[in-house]
Every structure is written in C-alpha cells, then in structure tokens.
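One structure below.
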Amino acid sequence: MFGAQDSSYQAAGAEPGIRALCAAFYHHMDREAQASTIRSWHKDDLDDMADRLASFVCGWLGGPRLYSQKFGPISIPSYHQQFDIGEAERDAWIHCMDLAIEEQNWDADFKRYLKAQFRIPAERCRSR
Ligand code: HEM
165 MFGAQDSSYQ
175 AAGAEPGIRA
185 LCAAFYHHMD
195 REAQASTIRS
205 WHKDDLDDMA
215 DRLASFVCGW
225 LGGPRLYSQK
235 FGPISIPSYH
245 QQFDIGEAER
255 DAWIHCMDLA
265 IEEQNWDADF
275 KRYLKAQFRI
285 PAERCRSR
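The opening position of the sequence shown corresponds to residue 165 in the working numbering, with each subsequent residue numbered one higher.
Listed below in structure tokens is the structure:
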C-alpha cells in the first residue's frame, strides 16, 4: 500500500532515488519545448531547484522532512501563486515529471501511483 507511513519514500529508493528523480525532472524541463515557458521562470542554475524539490518530495512521500529542516516551512500552493500557472503550464510541469518517473527503475504500479499523486499538488499550484 503506497501512501502508508514511509512506504512511498522506500519504494522511490529513499533520498538517493528521489534525488535522481528530481535531477531527471529538471533535465527534461531544461530541454522539452513544451516546458520552455516554465523553464524561463526558473533561475539559470537548476541544481539548487533540484535540491529544493528533492528535499520537499522526501517529506511529501513520508520520509524525513528535509525541506523544512533546511529551508523552513513552505506551502506549495501558496508559494506558487506568484507565478501565472494555467492548465498549459501545469501540464508542462506534469509532462516533465512523467518523463522523469518513466525513466526510474521502479515497479510499474509505483510509477502509476506517483504520476497520479503529483497531479494533485500540480493542480493546486494553478493560479488561473
Ligand atoms: C504546476 C506547475 C508548476 C510550476 C509552473 C512551477 C514553477 C516553479 C517556479 C517558477 C519556481 C521558482 C524557481 C526559481 O526560483 O528558480 C518553483 C519552485 C519550487 N517548486 Fe514549483 N512549479 C510547479 C509545481 C510544483 C509542484 C507540484 C511541486 C511539489 C510537488 C513544486 C515544488 C517546488 C519547490 C519545492 C520549489 C522551490 C521553492 C523554494 O524553496 O524557493 N512545484 N516552481
């Protein structure tokens, strides 16, 4: 059962697995034509973002709350209200995440589960 305690965190390969996922995610954001708008909203250096996203995702999947330990509290939907995120921008983000998830050495069930899970905060980041 993904979602119970830290089962999702463990299924993702704990912190190293989540770091690999987030590095792959920003790699795709940097290259996918569909993501060019949202890429342009990010700083040139995506390594810091990969660290921040991985730190958040560790806690989100039931592992250690690395983001709040390192950077302080965050509400993902509120933080993103500063950006003009509509359906196209949300879908560009999801597209990069789906590509990154597909590349990981994970069970098909967990891939399916995680893709569905990421759609929830992505939709809540939409500001229009
Ligand atoms: C819905 C589409 C999304 C868009 C367009 C988007 C865009 C952005 C942008 C432009 C930044 C700032 C980058 C910078 O300062 O260089 C950012 C930061 C961040 N995003 Fe998103 N994001 C989206 C969804 C998400 C989701 C679903 C999550 C979590 C599951 C997330 C987690 C983060 C985190 C942790 C940060 C770093 C905050 C910080 O410490 O400064 N984002 N995002």
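Note that the Cβ used here is the ideal one computed from N, Cα and C, for glycine as well.
Which listed residue (the options) has its alpha carbon closest to that of residue i
i	options	result
residue 195	246, 234, 292 and 260	260
residue 235	250, 217 and 172	217
residue 198	243, 211 and 263	263
residue 174	278, 191 and 212	278
residue 178	220, 190 and 202	220
Distance cut-off 6 Å: residue i Cβ against heavy atoms of the ligand HEM
i	result
residue 218	no
residue 182	no
Distance between residue j and residue i (C-alpha atoms, nearest Å)
i	j	result
residue 288	residue 282	10 Å
residue 229	residue 222	6 Å
residue 253	residue 237	24 Å
Nonlocal neighbours in the same chain, by C-beta distance under 8 Å from residue i, ignoring five residues either side
i	result
residue 292	248, 249 and 250
residue 205	247
Residues near residue i by beta carbon distance below 6 Å, same chain, minus five either side
i	result
residue 180	none
residue 188	264 and 267
residue 227	170 and 173
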